[in-house]
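Residue 181 in my numbering is what sits at position 142 of the sequence shown, and the numbering runs on without skipping anything.
C-beta atoms are modelled at their ideal positions from N, C-alpha and C, and glycine is treated no differently.
Computed from a prediction, not measured in an experiment: that's the story for all the values here.
Read the structure below first, then the notes.
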Amino acid sequence: MPYIFITGVSTGIGFDAMKTLIQHGYHVIGTVRKEIDAASIRQQFAEKCTILVFDVTDVQTCLSEMQKAFTLIKKDGLHTLINNAGIAVPGPLECLTDEEFELQMNVNVLAVRRITNLLLPYLGTNRNYKPGIIINISSVSGLFNSPYNGAYCISKHALESMTDVYRRELSMFGIRVMAIEPGPIKTEIWSKSKGTLDRFKDTAYGELLSSADKMIESSEKSAFDVGVISSIIVDIITGKTSKTRHLVHRKPFLFKLLAYYLPDKMVDKLVAKTIAKKDNYRPV
Ligand SMILES: NC(=O)c1ccc[n+]([C@@H]2O[C@H](COP(=O)([O-])OP(=O)(O)OC[C@H]3O[C@@H](n4cnc5c(N)ncnc54)[C@H](OP(=O)(O)O)[C@@H]3O)[C@@H](O)[C@H]2O)c1
């Protein structure tokens with residue numbers, strides 16, 4: 040049975056991808072942080088999944104839990120790795136502590152490279168195994184830099200870069216590497232973001248960020264259902280698409296114009312206008 044490894048399957052995009060891929064006949068090796076999530080998933084999907092419990096920033100526990108994955112995939116290798124686990128650490132760059140900034144990079148960037156490298160032999164850098172697929176769950180924030188969401192944007196830009204570098208380094212093995220770049224998707228990440236800007240209310244940015252929760256709510260309302268991402272994942276895995284980037288946005292043309300084609304100074308002015316209207320904050 041083909042094995043698919045997904046980080047962060049407790050909720051959101053990771054959970055839906057796991058459910059969908061199990062329905063398509065794959066065995067999913069998923070990671071969660073909490074035993075209670077592991078127990079609930081095992082109860083729902085029984086032998087169709089294997090759940091590892093570790094925080095992606097905890098190197099030792101990660102290494103020991105990954106041994107269970109190696110045991111499963113050592114015969115036939117790994118079909119696909121989906122690097123999904125991620126967090127958003129919001130706030131003006133000036134106000135974030137080193138620890139907060141480092142946590143953002145640890146989860147969204149460093150851990151992705153570490154887990155990818157551990158699995159690469161089974162994805163085909165060991166030529167005894169068939170070439171596999173790597174899907175990185177990036178974000179529109181990997182293409183466009185929004186103020187007060189800087190740490191997250193920087194982490195997702197790094198992930199975009201990592202996607203390209205791995206794809207070019209791994210093409211000689213036949214390993215396919217691509218990114219999915221979602222705009223707002225209805226998941227728990229939004230509720231996790233609510234109230235997180237309150238702690239900056241006594242800073243110079245406080246007044247500007249006072250409407251952040253309202254913005255989060257309106258972004259969440261216009262968000263796509265999570266199944267949109269699972270469908271793209273299925274299309275990639277079944278070979279229906281070979282695109283290296285999958286932008287998921289209600290207005291992709293406008294977004295691309297903003298992200299790629301308009302001059303910086305024009306974009307800065309547009310951003311400044313939305314800031315003036317206190318209409319500027321999007322957390323993922
Ligand atoms: N939803 C959106 O609008 C959106 C848009 C663009 C990109 N994305 C990206 O999509 C990915 C999935 O996010 P989501 O929207 O599905 O959010 P979510 O429901 O909050 O899921 C995030 C997953 O990552 C896990 N995770 C977080 N920190 C971790 C850590 N230190 N170690 C191990 N696992 C950790 C979470 O586990 P816990 O349950 O234990 O916290 C959860 O399983 C993220 O990379 C996010 O940046 C989401």
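Nearest candidate by alpha-carbon position, reference D237, set K169, S249, H63, T155: Nearest option by C-alpha distance: S249.
Closer than 7 Å: is that where the CB of I90 sits relative to any heavy atom of ligand 1? Result no, Cβ not under 7 Å from ligand 1.
Three-state secondary structure assigned by DSSP to F183: Coil, per DSSP.
Exposure of Y299, with buried meaning 16 or more beta-carbon neighbours within 10 Å: Under this definition Y299 is an exposed residue.
Should the stretch 159-179 be regarded as contacting the stretch 120-137, the criterion being three or more beta carbon pairs within less than 8 Å? Three or more Cβ pairs drawn from the stretch 159-179 and the stretch 120-137 lie within less than 8 Å of each other, which places the two stretches in contact.
Out of curiosity, what's the CA-to-CA distance linking E208 and E246? Rounded to whole angstroms, E208 and E246 show a C-alpha spacing of 46 Å.
Does K312 pass the burial test, meaning 16 or more other C-beta atoms within 10 Å, or should it be called exposed? Counting Cβ neighbours within 10 Å, K312 comes out exposed, since fewer than 16 surround it.
Residues bridged to P221 (per DSSP): Bridge partners of P221 according to DSSP: V287.
Just to confirm the assignment: which complete alpha helix (DSSP H) runs, minimum length 4, are found wholly within the stretch 148-179? The stretch 148-179 contains these whole alpha helix (DSSP H) runs: 150-159.
From which residue to which residue does the alpha helix (DSSP H) around L198 run? Its alpha helix (DSSP H) spans residues 189-209.
What would DSSP say about L135, mapped onto helix, strand or coil? The DSSP-derived three-state label of L135 is coil.
What is the DSSP secondary structure of Y65, counted as helix, strand or coil? The three-state reading of DSSP puts Y65 in coil, since its state is none of H, G, I, E or B.
Between the stretch 71-79 and the stretch 139-159, can you find at least three pairs of beta-carbon atoms closer than 8 Å? No: fewer than three Cβ pairs fall under 8 Å.
Just to check, is the beta-carbon of P129 closer than 7 Å to a non-hydrogen atom of ligand 1? Checking the Cβ of P129 against ligand 1 gives no.
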